[in-house]
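Step one of this worksheet: look at the structure below.
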Amino acid sequence: MKRLAFLLIYLTVILLSHAGADDKKLLFHVSFNKGLDADFSRGNGKATCNDEAFTFVESIYGKAVKINYLNLLRYETENNINPQHGTIEMWVKPLIYSQNQGIPQCDFFSAGDMETIENKLSDGILRQVSYKDKLTIFSGFPVIRNPYPVRTYEGLSDLNANLALENNKTFNLLAPLSVISRQWTHIAFSWGKTEKDGKNIGKCRLYRNGKLVAELPLPEKWSDSFGKFIFIGKGNARSNGIFLIDELKIYDTALDASQVEKLYSGE
56 MKRLAFLLIY LTVILLSHAG ADDKKLLFHV SFNKGLDADF SRGNGKATCN DEAFTFVESI
116 YGKAVKINYL NLLRYETENN INPQHGTIEM WVKPLIYSQN QGIPQCDFFS AGDMETIENK
176 LSDGILRQVS YKDKLTIFSG FPVIRNPYPV RTYEGLSDLN ANLALENNKT FNLLAPLSVI
236 SRQWTHIAFS WGKTEKDGKN IGKCRLYRNG KLVAELPLPE KWSDSFGKFI FIGKGNARSN
296 GIFLIDELKI YDTALDASQV EKLYSGE
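Quick note: to get the working numbering, add 55 to the position in the sequence shown (first position is 1).
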């Protein structure tokens with residue numbers, strides 16, 4: 056009986072660890088239970104990070120990783136995300152919001168490119184990293200609601216998703232008062248084309264805890280490339296905000312409301 060029980064437990068663990076691999080819609084999944092590398096990926100799932108230590112803490116599902124100002128974490132986009140259509144889901148828990156151009160925010164996810172710019176000085180060379188985002192998902196507190204500088208931002212923040220357009224402009228989808236500080240929130244963002252009145256139109260949607268909180272039609276053309284890298288917690292020259300992130304998944308289709316609700320409920 057003990058051998059049978061052990062075998063059942065072993066098979067259960069194996070099935071759970073490969074659950075994502077059998078889903079044809081899934082492109083990328085990192086649970087952070089075993090570290091920073093992806094549990095499953097269609098492309099390269101190896102994480103690239105700096106020498107700063109990463110902290111792992113207990114979460115809703117196993118372990119989550121803590122992203123602070125010094126942590127730099129990225130993955131490759133090739134075969135792991137489709138610019139034409141897709142869904143990104145994750146669990147996040149903002150801890151401390153940092154200032155980015157006067158806006159306190161936490162940058163959870165972005166995709167794009169990075170380059171090192173060298174500036175010659177009289178006493179040497181100053182190297183700075185420049186980022187060109189194609190897609191970003193973050194939460195923040197608008198200055199209009201917080202006109203005076205404060206050290207701590209608590210309560211409800213706005214959830215944002217920015218998508219780069221072909222004309223070098225940025226499309227923003229906003230869900231006000233959607234993310235609570237120091238609480239776990241399930242976020243999903245989908246984009247792609249849908250048929251309406253015989254025409255294919257672009258549509259993007261934001262979900263919070265399985266419920267649709269914002270949607271807008273997209274222009275006919277948005278960026279056909281999300282760059283080379285997926286960034287977790289990246290800002291200009293450093294990570295923006297301190298937060299926990301868990302169960303990051305990227306799908307090759309724009310999931311509908313019922314599918315996102317099932318993701319949130321764990322079905």
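All C-beta atoms in this analysis are idealised placements derived from N, C-alpha and C, irrespective of residue type, glycine included.
Check                                                                                                                   : Outcome
Neighbourhood of Tyr319 by C-beta distance below 7 Å, restricted to the same chain and skipping five residues each side : His241, Asn264 and Gly265
Assigned secondary structure, Ala102 (DSSP; H/G/I helix, E/B strand, else coil)                                         : coil
Where Leu190 falls: helix, strand or coil (DSSP)                                                                        : strand
Nearest-angstrom Cβ-Cβ length linking Val112 and Leu299, presumed shorter than 8 Å                                      : 6 Å
Buried or exposed (CB count within 10 angstroms, at least 16 for buried), Tyr130                                        : buried
Terminal residues of the alpha helix (DSSP H) in which Glu316 lies                                                      : Ala312 to Ser320
Residue nearest to Ala243 in terms of C-alpha spacing, selected from Ile192, Asp213 and Phe286                          : Ile192
Length at least 3, wholly inside the segment 127-185: the beta strand (DSSP E) runs in chain order                      : 128-131, 141-151, 153-155 and 158-176
Other residues of its chain near Asn123: CB distance less than 6 Å, five sequence neighbours each side excluded         : Ile297
Whole-Å CB distance - Leu267 paired with Ala216, under 8 Å assumed                                                      : Not quite, the Cβ-Cβ distance comes to about 13 Å (not below 8 Å), so this is no contact.
Cys104 versus Gly210, Tyr116, Lys224 and Leu125, residue with shortest Cα-Cα distance                                   : Leu125
Cα-Cα separation, Trp277 to Ser177                                                                                      : 42 Å
Proximity test, Cβ basis, 8 Å: Pro197 and chain B                                                                       : Note that chain B does not occur in the displayed structure, where there is just one protein chain.
Simplified DSSP state of Asp77, which is helix, strand or coil                                                          : Any reading at Asp77 is ruled out, since the residue's pLDDT is 44, under 50, leaving its predicted position unreliable.
Cα-Cα separation, Ala93 to Thr142                                                                                       : 17 Å
Distance, Ala269 Cα to Asn88 Cα                                                                                         : 31 Å
C-beta atoms of Asp168 and Gly195 nearer than 8 Å                                                                       : no
Rounded separation between Glu107 and Leu128 - CA only                                                                  : 10 Å
Residues of its chain near Ser96, where Cβ-Cβ distance is below 6 Å and the 5 sequence neighbours each way are ignored  : Phe83 and Asn135
Assumed close pair His323, Gly247 - CB separation to whole angstroms, cut-off 8 Å                                       : Past the edges of the chain, shown from 56 to 322, lies residue 323, and the structure says nothing about it.
Contact check, Leu190 vs Leu218, beta carbons under 8 Å                                                                 : yes
Classification of Leu303 by the beta-carbon crowding that lies within 10 angstroms, buried from 16 upward               : buried
Ala76, buried or exposed, once every other Cβ within 10 Å from all chains shown has been counted against 16             : At Ala76 the pLDDT is 38, less than 50, meaning the model places this residue with poor confidence; the figure from the coordinates comes in the next sentence. Looking at its Cβ environment, which holds fewer than 16 other Cβ atoms inside 10 Å, Ala76 is exposed.
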